[in-house]
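**Student:** Provided herewith is a single structure, encoded as structure tokens, for subsequent inquiry.
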Amino acid sequence: MILNHIIFSLLLLSAQAPFKLVGTIPVSDTDFRTDPMGNVYVIKGNRLIKYNNRQEKIADYSNAYLGEIGSLDATDPLRLLIHYKEFNQLLWLDNYLLELRSPVFLDDLGVDQAEVICASSQGGFWLFNGLNNQIQYFDVNLNLIHESIPINPFTNNNKPVAMVEKNRMVYVHVPKTGILTFDRYGTYSKTLPVFPDNVFQVTDESIFYTAKKIFCKYDLSTFTNTLVNLPEVNEILDIRIQPDFIYLLNPEGIHIYQIKVN
Numbered sequence: 051m052i053l054n055h056i057i058f059s060l061l062l063l064s065a066q067a068p069f070k071l072v073g074t075i076p077v078s079d080t081d082f083r084t085d086p087m088g089n090v091y092v093i094k095g096n097r098l099i100k101y102n103n104r105q106e107k108i109a110d111y112s113n114a115y116l117g118e119i120g121s122l123d124a125t126d127p128l129r130l131l132i133h134y135k136e137f138n139q140l141l142w143l144d145n146y147l148l149e150l151r152s153p154v155f156l157d158d159l160g161v162d163q164a165e166v167i168c169a170s171s172q173g174g175f176w177l178f179n180g181l182n183n184q185i186q187y188f189d190v191n192l193n194l195i196h197e198s199i200p201i202n203p204f205t206n207n208n209k210p211v212a213m214v215e216k217n218r219m220v221y222v223h224v225p226k227t228g229i230l231t232f233d234r235y236g237t238y239s240k241t242l243p244v245f246p247d248n249v250f251q252v253t254d255e256s257i258f259y260t261a262k263k264i265f266c267k268y269d270l271s272t273f274t275n276t277l278v279n280l281p282e283v284n285e286i287l288d289i290r291i292q293p294d295f296i297y298l299l300n301p302e303g304i305h306i307y308q309i310k311v312n
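In structure tokens:
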């Protein structure tokens with residue numbers, strides 16, 4: 051996707067904040083995530099590679115028995131959550147990409163169809179159970195603690211494709227519906243008119259996402275959308291942001307820009 055000619059606005063930064071290229075990680079044909087410490091996680095099939103904030107490779111993890119990595123939640127750099135959707139399993143890794151415990155077989159928890167999963171600041175995880183159309187919270191001991199009512203009346207039976215927890219709220223992206231929000235107990239709150247192409251990020255005050263090849267910011271206090279200006283990089287395929295940096299993936303690699311405050 052090509053993302054051009056848009057206005058950048060990030061929390062605590064001016065709309066015209068300049069950018070300084072600090073490095074490039076030379077990878078291609080890949081997916082990636084970032085964490086608040088500035089680390090970058092490159093996902094290639096069943097392999098996860100970690101780079102530090104100096105673009106140095108520091109760890110590598112793979113497990114051929116679990117299949118390809120479906121998603122990675124790097125919200126907590128000390129407790130990464132991987133979802134192996136094909137085999138209905140999840141796994142926690144530490145900051146060295148070492149297993150914190152054995153893989154969790156979600157079938158053993160009574161979950162046959164975990165469509166999407168995200169980590170929780172409470173130590174457990176949220177998932178969307180496609181069999182009963184509920185979001186469910188399991189604690190660190192794998193006990194089911196909270197669950198929503200079936201959400202299909204709100205979604206016209208469309209399935210979620212991404213889920214994020216932030217500030218004890220859960221945000222669930224359902225194509226053609228928007229982003230559904232739930233409180234820490236799984237109680238439905240409202241649906242936001244935000245329609246990402248796929249994944250999205252939530253900060254304290256905003257949702258950042260790509261929609262129809264344009265990078266956008268949705269303000270959670272004013273309920274308004276603004277377009278986001280980016281560094282001049284050709285053929286942008288994916289974008290991630292952190293408080294001081296923006297990460298742009300194109301066929302040449304992941305370009306890391308520092309956001310300079312005037």
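Residue 51 is where the sequence shown starts when you use this note's numbering, and the numbers rise one by one after that.
Built from N, CA and C at the ideal position, the CB exists for glycine as well.
Source: prediction; values computed, not measured.
Taking residue 74 and residue 306 to be in contact with their CB atoms under 8 Å, please state how far apart those CB atoms are, rounded to whole angstroms.
**Tutor:** Yes, they are in contact, since the Cβ atoms of residue 74 and residue 306 sit about 7 Å apart, within 8 Å.
**Student:** Can you tell which of 192, 172, 122 and 182 has its C-alpha closest to the C-alpha of residue 155?
**Tutor:** 192
**Student:** Less than 8 Å between the CB atoms is what I'm expecting for residue 278 and residue 257, so what's the real figure, rounded?
**Tutor:** Contact flag wrong, Cβ pair sits at about 12 Å.
**Student:** Rounded to the nearest angstrom, what separates residue 309 and residue 280 at their Cα positions?
**Tutor:** 10 Å
**Student:** Less than 7 Å between the beta carbons of residue 227 and residue 239, yes or no?
**Tutor:** no
**Student:** Since residue 303 contacts residue 86 with CB under 8 Å, what's their CB separation in whole angstroms?
**Tutor:** Wrong, their Cβ atoms sit about 22 Å apart, outside the cutoff.
**Student:** Taking the continuous alpha helix (DSSP H) assigned at residue 137, which residues delimit it?
**Tutor:** Unbroken run through residue 137: none, as it is neither H nor E.
**Student:** Nearest by alpha-carbon distance to residue 121: which of 292, 107 and 139 is it?
**Tutor:** 139
**Student:** Which residues in the same chain as residue 88 place their Cβ atom closer than 7 Å to its Cβ, once the five residues preceding and following it in sequence are excluded?
**Tutor:** For residue 88, the CB contacts under 7 Å within the same chain, skipping 5 residues up- and downstream, are 103, 292 and 295 in chain order.
**Student:** Going by C-alpha distance, which of 254, 288 and 97 is nearest residue 214?
**Tutor:** 254
**Student:** Please list the terminal residues of the continuous beta strand (DSSP E) segment that includes residue 179.
**Tutor:** From DSSP, the beta strand (DSSP E) with residue 179 extends over 175-179.
**Student:** Give me the DSSP bridge partner(s) of residue 273.
**Tutor:** Residue pairing by DSSP places residue 273 opposite no residue, since no beta bridge is assigned to it.
**Student:** Just the C-alpha distance for residue 113 and residue 287, rounded to the nearest angstrom, thanks.
**Tutor:** 27 Å
**Student:** Taking the CB atoms as reference points, tell me whether residue 233 and residue 169 lie closer together than 7 Å.
**Tutor:** no
**Student:** Excluding the 5 residues flanking residue 101 on each side, which residues of the same chain have their C-beta closer than 6 Å to its C-beta?
**Tutor:** 75, 90 and 107
**Student:** Any idea what DSSP makes of residue 268, helix, strand or coil?
**Tutor:** strand
**Student:** So, residue 201 versus residue 183, is the Cβ gap smaller than 7 Å?
**Tutor:** yes
**Student:** May I ask which residues mark the beginning and end of the beta strand (DSSP E) holding residue 69?
**Tutor:** 69-75
**Student:** Hey, how far is the Cα of residue 180 from the Cα of residue 133?
**Tutor:** 15 Å
**Student:** By alpha-carbon positions, which one of 150, 171, 135 and 147 ends up nearest to residue 161?
**Tutor:** 135
**Student:** Tell me the residue span of the beta strand (DSSP E) that contains residue 300.
**Tutor:** In the DSSP assignment, residue 300 falls within the beta strand (DSSP E) that extends over 295-300.
**Student:** Keeping to the same chain, check which residues put their C-beta closer than 8 Å to that of residue 194; ignore five residues upstream and five downstream.
**Tutor:** 159, 160, 186, 187 and 188
**Student:** Starting from the C-beta of residue 72, find all residues in its chain whose C-beta is less than 6 Å away, skip the five residues before and the five after it, and write them out in chain order.
**Tutor:** Around residue 72: 306 and 308.
**Student:** Classify residue 69 as buried or exposed, calling it buried when 16 or more other Cβ atoms lie within 10 Å of its own Cβ.
**Tutor:** Buried: at least 16 other Cβ atoms inside 10 Å.
**Student:** Keeping to the same chain, check which residues put their C-beta closer than 7 Å to that of residue 225; ignore five residues upstream and five downstream.
**Tutor:** 208 and 211
**Student:** Quick one: measure Cβ to Cβ for residue 268 and residue 242, integer angstroms, because I've assumed they're closer than 8 Å.
**Tutor:** 7 Å
**Student:** Near residue 173, what residues of its chain come up, given a Cβ to Cβ distance below 6 Å and the 5 sequence neighbours on each side ignored?
**Tutor:** 190
**Student:** Per DSSP, residue 260 forms a beta bridge with which residues?
**Tutor:** 265
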